[in-house]
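Enquirer:
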Amino acid sequence: MRRCRDSRHPMRPGCNQAAIVGSPEMTNKPAWTYSRAWTPGRIAARVTSGAKERLRRMQTQLSSLVLRPTPPPLALGLVIAPSLIAAETLVLYPIEQVAPVNGTAAVYLLGVVLVALAWGFWPAAAMSVASTLAFDYFYVPPAFDLMPTRPEDAVGVGIFLLVALLTSAVADLARSRAVEVSQRRREVSMLAEQQAALRRVATLVARGVAPAEIFAAVTLEMARCLYVSETQVSRYDGQGAADIVASFQNHGSRVLAVGERVTLEGDNVAATVLRTGRPARMNTFDDANGSLAARVRELGIRSVAGAPVMVDGRVWGVALVGSRRREPLPSNIENRIADFADLVATAIANAATRAELQVSRDSLGVLAEQQAALRRVATLVARGVDPSKVFAAVAHEMVQCLDVESAGLFRYEAAGWSFVAVSDPAPERWPSAGDGRTLEGDSILARVLRTGRAARMDSYENVAGSTAALARQLGVRGTVGVPVVVDGRLWGGAYVASMVPEPLPPDTEARIGDFADLVSTAIANAATRAELRVSRDSLGVLAEQQAALRRVATLVARGARPSEVYSVVAEEIVRCLDVDTSGVWRYASDNGITLLAGHSRAGTQYLPEGEHLTTEGDNLGAMVLSSGRATRHHSIENATGMAISRIRQLGVREGVAAPITVEGRIWGLAIAATTRSEPMPPDSEERIGDFADLVATAIANAATRAELIASRARIVTAADNTRRRLERDLHDGAQQRLVSLGLQVRLAETKMPTEFSVVKDQLSEVVGGINGVLTELQEISRGIHPAILSEGGLGPALKTLARRSPVPVVLDVAIERRLLESTEVGAYYVVAEALTNVAKHAGASTVDVGARIRDDKLCLLIRDDGIGGADPAKGSGLIGLIDRVEALGGRMRIDSPLAVGTTLHINIPLKQGYS
8 MRRCRDSRHP MRPGCNQAAI VGSPEMTNKP AWTYSRAWTP GRIAARVTSG AKERLRRMQT
68 QLSSLVLRPT PPPLALGLVI APSLIAAETL VLYPIEQVAP VNGTAAVYLL GVVLVALAWG
128 FWPAAAMSVA STLAFDYFYV PPAFDLMPTR PEDAVGVGIF LLVALLTSAV ADLARSRAVE
188 VSQRRREVSM LAEQQAALRR VATLVARGVA PAEIFAAVTL EMARCLYVSE TQVSRYDGQG
248 AADIVASFQN HGSRVLAVGE RVTLEGDNVA ATVLRTGRPA RMNTFDDANG SLAARVRELG
308 IRSVAGAPVM VDGRVWGVAL VGSRRREPLP SNIENRIADF ADLVATAIAN AATRAELQVS
368 RDSLGVLAEQ QAALRRVATL VARGVDPSKV FAAVAHEMVQ CLDVESAGLF RYEAAGWSFV
428 AVSDPAPERW PSAGDGRTLE GDSILARVLR TGRAARMDSY ENVAGSTAAL ARQLGVRGTV
488 GVPVVVDGRL WGGAYVASMV PEPLPPDTEA RIGDFADLVS TAIANAATRA ELRVSRDSLG
548 VLAEQQAALR RVATLVARGA RPSEVYSVVA EEIVRCLDVD TSGVWRYASD NGITLLAGHS
608 RAGTQYLPEG EHLTTEGDNL GAMVLSSGRA TRHHSIENAT GMAISRIRQL GVREGVAAPI
668 TVEGRIWGLA IAATTRSEPM PPDSEERIGD FADLVATAIA NAATRAELIA SRARIVTAAD
728 NTRRRLERDL HDGAQQRLVS LGLQVRLAET KMPTEFSVVK DQLSEVVGGI NGVLTELQEI
788 SRGIHPAILS EGGLGPALKT LARRSPVPVV LDVAIERRLL ESTEVGAYYV VAEALTNVAK
848 HAGASTVDVG ARIRDDKLCL LIRDDGIGGA DPAKGSGLIG LIDRVEALGG RMRIDSPLAV
908 GTTLHINIPL KQGYS
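Under the numbering used here, the first residue of the sequence shown carries the number 8, and numbering increases by one thereafter.
1. For a quick check, are the C-beta atoms of residue 616 and residue 604 less than 8 Å apart?
2. Does the beta-carbon of residue 419 have 16 or more other beta-carbons within 10 angstroms, so that it is buried, or is it exposed?
3. Compute the Euclidean distance between the alpha carbons of residue 868 and residue 826, then round it to the nearest angstrom.
4. Determine whether the beta carbon atoms of residue 3 and residue 662 lie at a separation below 8 Å.
5. With C-beta atoms as the reference, is residue 894 less than 8 Å away from residue 885?
6. Per the contact definition of three or more C-beta pairs closer than 8 Å, is the region 336-351 in contact with the region 370-379?
7. Is the beta carbon of residue 874 less than 8 Å from the beta carbon of residue 897?
8. Does the separation of the CB atoms of residue 333 and residue 309 fall below 8 Å?
9. At the level of alpha carbons, what is the spacing between residue 555 and residue 583?
10. With DSSP as the reference, label residue 926 as helix, strand or coil.
11. Report the option in 642, 311 and 681 whose CA atom is closest to the CA atom of residue 580.
12. Pop quiz: residue 326 and residue 347 are said to be a contact at Cβ under 8 Å. What is the actual Cβ separation, rounded to whole angstroms?
13. Along the chain, where does the beta strand (DSSP E) that runs through residue 864 open and close?
14. Helix, strand or coil for residue 558? Go by DSSP, reduced to three states.
15. Identify the continuous beta strand (DSSP E) that holds residue 613 and give its terminal residues.
16. Kindly confirm or deny that the region 477-492 and the region 453-464 touch, where touching means at least three C-beta pairs closer than 8 Å.
17. As a quick exercise: from 417, 241 and 412, pick the residue whose alpha carbon is nearest that of residue 2.
18. Could you give the distance in angstroms between the alpha-carbon of residue 275 and the alpha-carbon of residue 363?
19. What residue range is occupied by the uninterrupted beta strand (DSSP E) comprising residue 251?
20. So is residue 129 buried or exposed if we call it buried at 16+ other beta carbons inside 10 Å?
21. Report the start-end ranges of each alpha helix (DSSP H) in the region 790-856 that is 4 residues or longer and not cut off at the edges.
22. Determine the contact status of residue 401 and residue 526, defining contact as a CB-CB distance below 8 Å.
23. Please report the straight-line C-alpha distance between residue 171 and residue 99, rounded to a whole angstrom.
24. Helix, strand or coil for residue 151? Go by DSSP, reduced to three states.
25. Would you check if the distance between the CB atom of residue 227 and the CB atom of residue 328 is smaller than 8 Å?
26. Alpha carbons only, please: which of 494, 467 and 496 is nearest the one belonging to residue 483?
27. How close, in whole Å, do the beta carbons of residue 498 and residue 530 come, if the pair is a contact with beta carbons under 8 Å?
28. Reducing DSSP to helix, strand and coil, say where residue 437 ends up.
29. Drop a sphere of 10 angstroms on the beta-carbon of residue 330, count the other beta-carbons inside from all chains shown, and report buried for 16 or more, exposed for fewer.
30. Around the C-beta of residue 925, are 16 or more other C-beta atoms found within 10 angstroms, so that it is buried, or is it exposed?
31. What does the Cβ neighbour count give for residue 640, buried or exposed, with the cut at 16 atoms within 10 Å?
32. In this structure, how does DSSP classify residue 607 when only helix, strand and coil are distinguished?
33. Which residue from 282, 676, 138 and 643 puts its Cα closest to that of residue 93?
34. If I'm right that residue 448 touches residue 415 with Cβ under 8 Å, what's the distance once you round it to whole angstroms?
35. Within a Cβ cutoff of 6 Å, which residues of the same chain sit near residue 41, ignoring the five residues on either side of it in sequence?
36. Would you kindly work out how many angstroms separate the C-alpha atoms of residue 535 and residue 503, rounded to a whole number?
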């Protein structure tokens with residue numbers, strides 16, 4: 008067996024591992040028997056290869072010597088340093104004969120470098136001084152004298168000393184950095200080696216290898232990775248001792264044997280780990296007491312470190328490593344041991360649960376079988392199979408899954424109970440399904456009925472009652488039953504029966520309960536399937552109605568005309584309520600009703616729009632007006648009144664109506680009617696009421712909108728009248744007075760003598776100022792209310808505006824008749840304000856203005872080629888234009904893309920108001 012060349016690293020390749028694994032015996036055959044014939048060339052190659060190998064080994068040994076983390080013993084240095092100086096002195100003697108003395112002094116620096124690399128700066132400094140003295144004594148004239156006679160020699164000796172000291176410092180620094188790099192490489196290598204070892208052990212753990220094999224592998228890998236001579240895994244016995252379950256030792260070492268029990272009294276790492284539950288170490292056992300510490304000293308172990316093996320939160324054991332070297336174990340070795348201890352803990356936990364897993368696996372097999380059976384039954388339930396088939400399947404599956412002789416279902420009845428399904432090798436022995444039996448004495452049926460919970464009876468011997476007698480007759484020894492509850496009510500139960508003396512397993516109740524739950528579900532499903540179908544249809548109807556209501560609400564929100572809303576509501580009522588006809592009616596002043604909009608299915612007649620009916624007699628109009636609520640007319644065959652007679656002509660058999668209430672007053676009603684014999688759904692009143700509410704909202708919105716438009720119109724009219732009055736007052740008052748005053752001043756100017764030329768000039772200036780004021784006042788008067796608008800109409804007024812606009816205007820007016828004064832005034836001011844906005848903000852070069860009458864509407868178009876980007880939301884003058892147009896019942900649309908220009912589309916009705 009090969010020994011490791013480095014005794015400090017017993018587990019490097021080549022080390023003895025006989026304590027764990029045996030190595031093959033070495034063969035006794037000489038090495039030459041394995042080689043081919045030797046030739047001179049092969050011999051030379053072998054010699055060269057051997058020389059290179061020896062050189063490589065020398066370099067490795069020198070590197071390991073120089074790069075040791077701790078220097079060699081100083082005593083060794085005290086021997087080597089004088090030897091190096093003596094050798095250098097002898098080597099220098101023949102060199103000195105052929106070379107200058109100062110140049111040959113560099114030979115002494117070799118020893119300085121070696122000492123600095125091996126022992127550091129201060130020994131190298133001493134070596135530098137000694138080398139300087141030797142060089143001075145032997146080779147600096149006069150020989151064998153320490154005092155140089157020439158100054159240049161003294162300077163040379165000083166320079167040599169300085170260079171030697173500097174060389175010592177540089178070599179020491181290089182050594183320190185090399186040691187640091189080597190140490191880091193060693194740490195990385197050790198970490199990689201430990202990770203590989205942990206992976207190997209983890210692989211064993213994952214494969215479920217026996218714990219003893221894993222313990223042995225852990226001790227081997229710890230010795231290999233941590234470079235220690237002894238490793239061990241021990242288990243605490245809970246009585247102050249530990250059993251050694253695995254150990255490893257270097258060849259020839261004495262160590263504690265596997266299976267040996269050691270007491271933990273005194274000072275030792277195992278006791279400390281047990282007490283603290285944390286990693287621990289002891290760097291020396293010289294002063295430790297206790298039998299285990301004495302045993303450790305006897306084995307020659309100097310330091311020990313260990314980490315706990317934690318299993319399920321408690322200290323199961325300890326992983327230990329020991330070293331026989333004088334140096335203490337590395338500072339982080341506890342953490343590295345802990346990694347292996349964690350794997351040991353995992354292996355123990357795995358081993359502890361393996362048996363449980365096996366039991367669980369068996370249980371899972373049983374559970375899987377039952378789950379499969381439950382799925383088969385659940386599939387039947389989900390498919391809506393008839394309950395009787397589900398009952399038979401449940402009885403059969405319970406027999407198969409619970410490994411019993413018989414199983415079945417029973418149902419409680421008013422006079423007792425009866426079987427609904429039985430599974431048995433001889434079913435003819437059992438009472439037929441549906442045969443009622445009285446419930447007497449003690450039995451699982453009586454217990455389940457009494458408690459509402461699962462029950463069992465392991466024997467029916469000496470039990471009174473007809474049910475117990477039936478069980479004995481059938482050979483039943485023990486039974487277990489569970490309740491079947493449907494909608495909170497005890498419906499019946501499920502049972503299994505055994506014909507052997509041994510009691511049924513303790514989990515039988517729970518397992519039967521799963522089947523009982525499926526039976527409950529099947530019964531409940533059968534009872535509610537029709538309801539679900541009806542509910543599904545109702546949901547579809549509700550979704551359709553909600554969509555219809557959204558469509559109507561969208562119309563209302565858009566401000567559509569009430570007549571349009573009436574028509575859409577009548578159409579949606581027919582579609583959503585699945586009726587034949589519908590209509591929106593309004594109460595008249597005589598309490599009659601007038602049809603505003605109606606709709607009917609294809610092939611069904613209905614009244615024409617505008618038809619008026621009285622509400623006398625028995626009809627929906629009278630019923631809604633008197634009650635104020637939605638109502639229904641179930642049959643009109645025997646009803647009286649003109650309205651009913653008219654409705655009977657259309658074949659209507661039943662109708663539903665809901666009031667349309669506006670501002671607390673019944674404004675009208677919405678009616679839905681059918682010609683079919685089947686009654687309308689019970690929720691028809693509520694559903695038609697939703698449409699009636701939307702009609703009421705549309706009417707209220709229309710009224711509010713009309714009031715708003717009227718209010719705006721009044722405000723605009725008042726403002727226009729005020730402007731007209733101001734213009735008339737200015738024209739008849741201030742303007743006339745200014746004209747008269749100007750004439751008087753002009754007359755005074757003509758009568759002024761020539762010698763008063765200065766005064767005449769001043770009077771002339773006054774006349775000019777009066778004329779200027781008069782001109783400005785006329786401009787203001789035209790802006791307030793142009794007279795030409797009243798005299799000539801909108802066309803001439805727009806031409807005047809175009810002439811006065813600072814931006815060129817292309818005018819296209821096609822209006823041949825006078826319009827309402829309010830329309831002309833509104834249109835004039837809209838165009839005037841638009842032209843003002845263009846001049847101020849648009850930066851346009853031209854404006855197109857068009858005016859024409861189309862479809863009883865005044866259509867205005869104002870388009871510029873300016874910068875665009877007009878937005879009423881930003882508070883521009885466009886808001887005032889919109890208000891004025893809407894006050895006239897019109898609409899204004901703005902198109903203003905950036906860099907393209909702005910276009911105003913204005914439509915003003917010639918007949919304002921709503922019908």
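For every residue, glycine included, the Cβ atom is placed at its ideal position computed from N, Cα and C.
Expert: On the basis of the coordinates in this document:
1. For the purposes of this step, residue 616 is identified with residue 609 of the sequence shown, where counting begins at 1. For the purposes of this step, residue 604 is identified with residue 597 of the sequence shown, where counting begins at 1. Yes, the pair counts as a contact, with Cβ atoms nearer than the cut-off.
2. Walking along the sequence shown from the start, residue 419 turns up at place 412. Classification for residue 419: buried.
3. Walking along the sequence shown from the start, residue 868 turns up at place 861. Walking along the sequence shown from the start, residue 826 turns up at place 819. Take the alpha-carbon of residue 868 and the one of residue 826: they are about 18 Å apart.
4. The structure shown does not extend to residue 3, since the chain is modelled only from 8 to 922, so the question has no answer here.
5. As a working note, residue 894 is residue 887 in the sequence shown. As a working note, residue 885 is residue 878 in the sequence shown. Contact flag unset, no.
6. Cβ pair count under 8 Å is below three, so no.
7. Numbered from its first residue, the sequence shown carries residue 874 at position 867. Numbered from its first residue, the sequence shown carries residue 897 at position 890. No Cβ-Cβ contact shorter than 8 Å links residue 874 with residue 897.
8. As a first step, residue 333 is located in the sequence shown; it is residue number 326 there, counting from the start. As a first step, residue 309 is located in the sequence shown; it is residue number 302 there, counting from the start. Against a cut-off of 8 Å, the Cβ pair of residue 309 and residue 333 comes out as a contact.
9. One-based indexing of the sequence shown puts residue 555 at position 548. One-based indexing of the sequence shown puts residue 583 at position 576. Rounded to whole angstroms, the separation of the alpha carbons of residue 583 and residue 555 is 7 Å.
10. For residue 926 there is no data in the structure shown, the boundaries of the chain being 8 and 922.
11. If you number the sequence shown from 1, residue 580 lands on position 573. If we check each option's Cα against that of residue 580, 681 comes out closest.
12. Your numbering for residue 326 matches position 319 in the sequence shown. Your numbering for residue 347 matches position 340 in the sequence shown. Contact between residue 326 and residue 347 holds: CB atoms are separated by about 6 Å, below the 8 Å threshold.
13. In the sequence shown, the residue the question calls residue 864 occupies position 857. Per DSSP, residue 864 belongs to the beta strand (DSSP E) from 864-871.
14. Indexing the sequence shown from 1 puts residue 558 at position 551. Correct three-state label for residue 558: helix.
15. The residue given as residue 613 occupies position 606 in the sequence shown. Counting along the chain, residue 613 falls outside any beta strand (DSSP E), and DSSP gives it neither H nor E.
16. Contact between the region 477-492 and the region 453-464 is present, because at least three Cβ pairs lie under 8 Å.
17. No information on residue 2 is available, as it lies outside the stretch 8 to 922 that the chain covers here.
18. Counting from 1 along the sequence shown, the entry for residue 275 is found at position 268. Counting from 1 along the sequence shown, the entry for residue 363 is found at position 356. Spanning the two alpha carbons is a distance of roughly 36 Å.
19. Walking along the sequence shown from the start, residue 251 turns up at place 244. That run of the beta strand (DSSP E) goes 248-256.
20. Taking the sequence shown and counting its residues from 1, one reaches residue 129 at position 122. Exposed: under 16 other Cβ atoms inside 10 Å.
21. Here the runs fully enclosed are 794-799, 801-811 and 828-844.
22. Residue 401 sits at position 394 when you count from the first residue of the sequence shown. Residue 526 sits at position 519 when you count from the first residue of the sequence shown. Residue 401 places its beta carbon less than 8 Å from that of residue 526.
23. Your numbering for residue 171 matches position 164 in the sequence shown. Your numbering for residue 99 matches position 92 in the sequence shown. The C-alpha of residue 99 is placed about 17 Å away from the C-alpha of residue 171.
24. Walking along the sequence shown from the start, residue 151 turns up at place 144. Annotated three-state conformation of residue 151 is coil, per DSSP.
25. Translated into the one-based positions of the sequence shown, residue 227 becomes position 220. Translated into the one-based positions of the sequence shown, residue 328 becomes position 321. Not a contact, by the Cβ cut-off of 8 Å.
26. Mapped onto the sequence shown, residue 483 falls at position 476. Comparing Cα positions, the closest option is 467.
27. Looking up residue 498 in the sequence shown gives position 491. Looking up residue 530 in the sequence shown gives position 523. Approximately 6 Å separates the beta-carbon atoms of residue 498 and residue 530; this is inside 8 Å, confirming the contact.
28. Taking the first residue of the sequence shown as 1, we reach residue 437 at position 430. Coil at residue 437, not helix or strand.
29. In the sequence shown, the residue the question calls residue 330 occupies position 323. Taking all protein chains in view, the Cβ of residue 330 is crowded by 16 or more other Cβ atoms within 10 Å, so the residue is classified as buried.
30. Past the boundaries of the shown model lies residue 925; the chain is included only from 8 to 922, so the question cannot be answered.
31. As a first step, residue 640 is located in the sequence shown; it is residue number 633 there, counting from the start. By the 10 Å Cβ count, residue 640 comes out buried.
32. As a first step, residue 607 must be located in the sequence shown, where it is residue number 600. Three-state DSSP puts residue 607 in a strand.
33. Sequence index remark: in the sequence shown, residue 93 carries index 86 (1-based). The candidate whose alpha carbon is nearest that of residue 93 is 138.
34. By 1-based counting over the sequence shown, the position of residue 448 is 441. By 1-based counting over the sequence shown, the position of residue 415 is 408. Actually they are not in contact, since the Cβ atoms of residue 448 and residue 415 sit about 19 Å apart, beyond 8 Å.
35. On the sequence shown, residue 41 is found 34 positions in, with the first residue counted as 1. Only weak support is given to the placement of residue 41: the predicted model assigns it a pLDDT of 33, under 50, and the question is left unresolved by the model.
36. The count along the sequence shown starts at 1 and reaches residue 535 at position 528. The count along the sequence shown starts at 1 and reaches residue 503 at position 496. Residue 535 and residue 503 have their C-alpha atoms some 29 Å from each other.
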